[in-house]
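Enquirer: I am attaching a structure below and will ask some questions about it afterwards.
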Amino acid sequence: MQSVVTAETVVMILAVWMRCLGVAVCAATFGASAMAQESAESAAQRPLAPLPGVTPATTATPGIPKWSDFPAPPGDVPTVAEFAQRVKTQTAASDKLAAEVRVLVWDKEQPEPYAAASIARINPVYLKPVDAIMTVEQIERLAEDLRRRAVPPPMAD
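Residue numbers (numbering that gives the first Met the number 0): 0 to 156.
This is how it looks when you write it as structure tokens:
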């Protein structure tokens, strides 16, 4: 079973991601504005020195990645329209191929005409038995020559 991704599916997925991104941006904006609205009174009440018994971390916590470790987001992501066009192009190519395959003639019932056409392309000399082309003496000389040439060279020291 093949999975087909349509343009509508892509649009739905992008819409969900855009909503999530909007919520995250909104939360970050409200959090930043709340921190910026700290009054002078609350700043005066905050101790300037570190709390007793609290030591600042000098190194990163092992096992937790830094933001610099994460890869940058891709910049060449196709738009919805580009993606839809790619899907349409692929679908058209698939339909064209299916139409070409439908008109093919799959003839397995009569192999004789195919065999005759194939044999007609072969050089007739190769279709004859070897003793019809060469005499027995020629065959023996050829075999002896092949045996002589098949001897391996001497081993290198």
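All C-beta atoms in this analysis are idealised placements derived from N, C-alpha and C, irrespective of residue type, glycine included.
Remember, it's a predicted structure, so these values are computed and weren't measured experimentally.
Please go through the same chain and pick out, in chain order, the residues whose beta-carbon is closer than 8 Å to the beta-carbon of ALA83, but skip the five residues on each side of it.
Expert: Around ALA83: ALA6, VAL9.
Enquirer: Can you give the beta carbon distance from VAL79 to LEU13, rounded, assuming they're within the 8 Å contact cut?
Expert: At roughly 6 Å, the Cβ-Cβ gap stays under 8 Å, so VAL79 and LEU13 are in contact.
Enquirer: Give me the Cα-Cα distance between PRO152 and ILE132, rounded to the nearest whole angstrom.
Expert: Answer to the nearest angstrom: the Cα atoms are 32 Å apart.
Enquirer: Does the Cβ-Cβ distance between VAL129 and ILE138 come in under 8 Å?
Expert: Against a cut-off of 8 Å, the Cβ pair of ILE138 and VAL129 comes out as a contact.
Enquirer: Between PHE69 and GLY62, what straight-line distance do the alpha-carbon atoms span, to the nearest angstrom?
Expert: Using only the alpha carbons, I get a separation of about 14 Å.
Enquirer: Pick helix, strand or coil for THR90, following the three-state DSSP scheme.
Expert: Three-state result, THR90: helix.
Enquirer: What is the DSSP secondary structure of PHE69, reduced to helix, strand or coil?
Expert: PHE69: coil per DSSP, three-state reduction.
Enquirer: Quick one: Cα of LEU96 to Cα of TRP105, how far?
Expert: In a straight line, the C-alpha of LEU96 is about 16 Å away from that of TRP105.
Enquirer: Report the three-state DSSP secondary structure of ASP75 (helix, strand or coil).
Expert: Three-state DSSP puts ASP75 in coil, outside helix and strand.
Enquirer: Whole angstroms are fine: how far does the CA of VAL124 sit from the CA of ARG147?
Expert: Cα to Cα, the separation comes out at about 27 Å.
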